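Asker:
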Amino acid sequence: MGTFKCIGVLTSGGDAPGMNAAIRAVTRAAISKGIQVKGIYRGYKGLVTNEIEDLYSDSVSNIIQRGGTILKTARCAEFMTPEGRQVAYDNMKAHGMEALVVIGGDGSLTGARIFAQEFNVPCIGLPGTIDNDLYGTDTTIGYDTALNTIVDAIDKIRDTAASHERLFFVEVMGRDAGFLALNGAIASGAEAAIIPEYNTEVDQLDELIRRGFRKSKNSSIVLVAESKSKGGALHIAERMKNEYPGYDVRISILGHLQRGGSPTAHDRIIASRMGAAAIDALLEDQRNVMIGIERDEIVYVPFTRAIKKVKPLRPELLEVLRELGI
Ligand code: ADP
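Using this note's numbering, you'd call the opening residue of the sequence shown number 597 and step up by one each time.
1) Does the beta carbon of A673 fall short of 8 Å from some heavy atom of the ligand ADP?
2) Taking the continuous alpha helix (DSSP H) assigned at A712, which residues delimit it?
3) Per DSSP, what kind of secondary structure is L879 in: helix, strand or coil?
4) Could you pull the start and end residues of the beta strand (DSSP E) that Q632 belongs to?
5) Rounding to the nearest angstrom, what Cα-Cα distance links P911 and H831 in this structure?
6) Less than 9 Å between the C-beta atoms of G543 and A625, yes or no?
7) Flag this pair as yes or no: are the beta carbons of L879 and T599 separated by less than 9 Å?
8) Distance, Cα to Cα, L917 vs A612?
9) For Y896, which residues does DSSP report across the bridge?
10) Would you list the one or two residues that DSSP bridges to T607?
11) Per DSSP, what kind of secondary structure is F765 in: helix, strand or coil?
12) Give the single residue among L705, L730 and A902 whose Cα lies nearest to the Cα of S608.
13) To which residues of the same chain is G663 closer than 7 Å at the C-beta, ignoring the five residues directly before and after it?
14) Going by the C-beta, is I710 closer than 8 Å to any heavy atom of the ligand ADP?
15) Taking the alpha carbon of A695 as the point to measure from, which residue in P898, E803 and C602 has its own alpha carbon closest?
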């Protein structure tokens, strides 16, 4: 069994609803076990610039229901350099922190992996990202809330789309992973989803046209995962307008509203369980693992697996969408 007097916690990279619930869980689980907690502001940046404060049980009162992160988050270029990480390590030692809990996405966990190796510091990761793209956990903290936000928005878009008999392309987040787009499409009864994992854009749009949405439906909604290379909803809608000028095509880019809002019960529960499990993992002498939940069980996933392995998107989901979107 490991023993710790003091640990640090930070949130890094893209924010996600439920990060606050995770900070609360890490803080209170640590305090319950007699461990002091330091909150590091603005992710790795705060470790480099020494923005660090003690966290007490009441520092994390009344935050479980709040979106965003009370510790703030940032991207930190200095931490990508050995010199920057040395400063971070020196600050960590000066504050007496013996381990770190990092809440963030794959970039943040990559940083934790490198830092842990370089300085032999125990680091535990919690998967905090709306994209759900970390291997080894069924869902990530923030994904369920973002999915529900998307579904809510699409229900509203559907009302106007149906009134005007329009074809809507709705762009959602998920540059490298189609979980939000595909499951958002299924949950909102959309007609198609254009996602990075499968090259089905042309097939799906052809099918949509073949079905002739005006005959059987008042509106059609296609979810498009944002994309650097493919250009996202704007690009697809433009193509559609050129090829089928008869369609009344509209675009809606949901953008940052997908990151905000009060976390769902699911996200609060997984964040609470994972946060508490991070402290258990440290006390069990685990290091350099991400906490995941698979089939409702807490699992420890080595950083390298969580980051490098691609989380598969079940191909049958696309089939369900296709079958039900007739
Ligand atoms: P996310 O965690 O949401 O994927 P980023 O990819 O922006 O977000 O990463 C967040 C931060 O993690 C970066 O700004 C940087 O400080 C740190 N980081 C990411 N990749 C590395 C790396 N290869 N080496 C060191 N630090 C990294």
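Each residue gets a CB set at the ideal place from its N, CA and C atoms; glycine is no exception. Predicted model only: the values in this text are computed from it and were never measured.
Answerer: Per the coordinate set shown:
1) yes
2) D702 to F715
3) helix
4) Q632 to I636
5) 25 Å
6) Missing from the structure shown is residue 543; the chain here goes from 597 to 922 and no further.
7) yes
8) 26 Å
9) I887
10) I699
11) strand
12) L705
13) P613, G856, G857, S858 and P859
14) yes
15) C602
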